[in-house]
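Each residue of the sequence shown is one higher than the one before, starting from 136 at the first, in the numbering used here.
Below: the structure, in structure tokens.
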Amino acid sequence: MSRLSADLVRKYAWAEPLALELVWAVTVVEGSSLPTVVRAFGGDPSTPEGMLTFREAEREVRRSAKEFGEFFFFQVFTHGRYVVALENNGYSGVIPELGRRVTAAGGRYFSYFRNDNGASKLVQAIDGRITAYLEPLFADEPQQIGEIRPAWIGGVGIDTETLWATCFALLEEQTGLAFDPDWFNTKLPTYRIPDPYNLFKDVEGADVP
């Protein structure tokens, strides 16, 4: 039995069918500002691309990029004490160096990524240090090389039928932010950012927790 409330996981049941349609990286930051987060991702907070929905951002990238991965669009907004970043087909949020940089002056950072092959990643940083870095699908198996497994993943009892919902439930548990699926359909400030491996090409160990 999972230590997570069944009601909390059911709250995010919408994520299971949506995962068949969308690829996302969702990052939640406390203790930082929106401009700081945009700059950390490699964007310019003074030059947004406009107000786009999650799906519109992907379509615009595919229309204007010469090849996939040349650049990405991500959406950033504030919600109470949080800065929330959404990436469609991007994965910058789970690069450990980003978590370290955004929280270097203090704060908390949680990012949840899933791709169209079903792979996923959870990353947490607190006060400049990576405190979680793992593939949640294998959380009940022996720890993988390079993983950082926090105490809070214990007892979760990952079920493949509710994996995506469980990850959103963990995001809420660890940040206090209830993720609203309507954000995927809301026009939000959108910024152009580079591929994170280009952004951190001169930073040794950027992708190492």
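Where is the CB? At the ideal position from N, CA and C, for every residue including glycine.
Quick caveat: nothing in here was measured; it's all calculated off a predicted structure.
- The residue among Pro324, Asp342, Phe335 and Gly340 with its C-alpha nearest the C-alpha of Val173 is Pro324.
- When DSSP reads this structure, Ile283 sits in a beta bridge with Tyr268.
- Judged by DSSP secondary structure, Gly292 falls outside any beta strand (DSSP E); it is assigned neither H nor E.
- Under DSSP, Leu221 takes part in a beta bridge, and its partners are Val161 and Gln210.
- In this structure, Phe212 and Val196 do not form a Cβ contact; the two beta carbons are roughly 19 Å apart against a cut-off of 8 Å.
- The DSSP-derived three-state label of Arg190 is helix.
- Annotation: the continuous alpha helix (DSSP H) that includes Arg145 extends over Ala141 to Lys146.
- For Tyr326, there is no enclosing alpha helix (DSSP H); the residue is part of the beta strand (DSSP E) that begins and ends at Leu323 to Ile328.
- Distance from Tyr226 to Phe248 at the Cβ level is roughly 5 Å; contact confirmed, criterion being Cβ atoms closer than 8 Å.
- Excluding residues up to 5 positions away in sequence, Val164, Gly234, Val237, Thr238 and Ala260 lie with their Cβ nearer than 6 Å to the Cβ of Tyr244 in the same chain.
- In terms of Cβ geometry, Pro170 and Pro183 do not form a close pair [threshold 8 Å].
- Separation of Glu193 and Asn223 (C-alpha to C-alpha, rounded to the nearest whole angstrom) is 6 Å.
- Closest by C-alpha distance to Glu205, out of Arg327, Leu298 and Ala154, is Arg327.
- As the crow flies, the alpha-carbon of Glu296 is around 22 Å from that of Phe319.
- Counting of Cβ neighbours within 10 angstroms places Leu155 among the exposed residues, the total staying below 16.
- Leu139 is a Cβ neighbour of Val291, given a cutoff of 8 Å.
- Gly281 and Gln210 have their C-alpha atoms some 29 Å from each other.
- Assignment of Tyr244 by DSSP, reduced to helix, strand and coil, places it in the strand class.
- Ala286 sits exposed, since fewer than 16 C-beta atoms from the chains shown fall within 10 Å of its C-beta.
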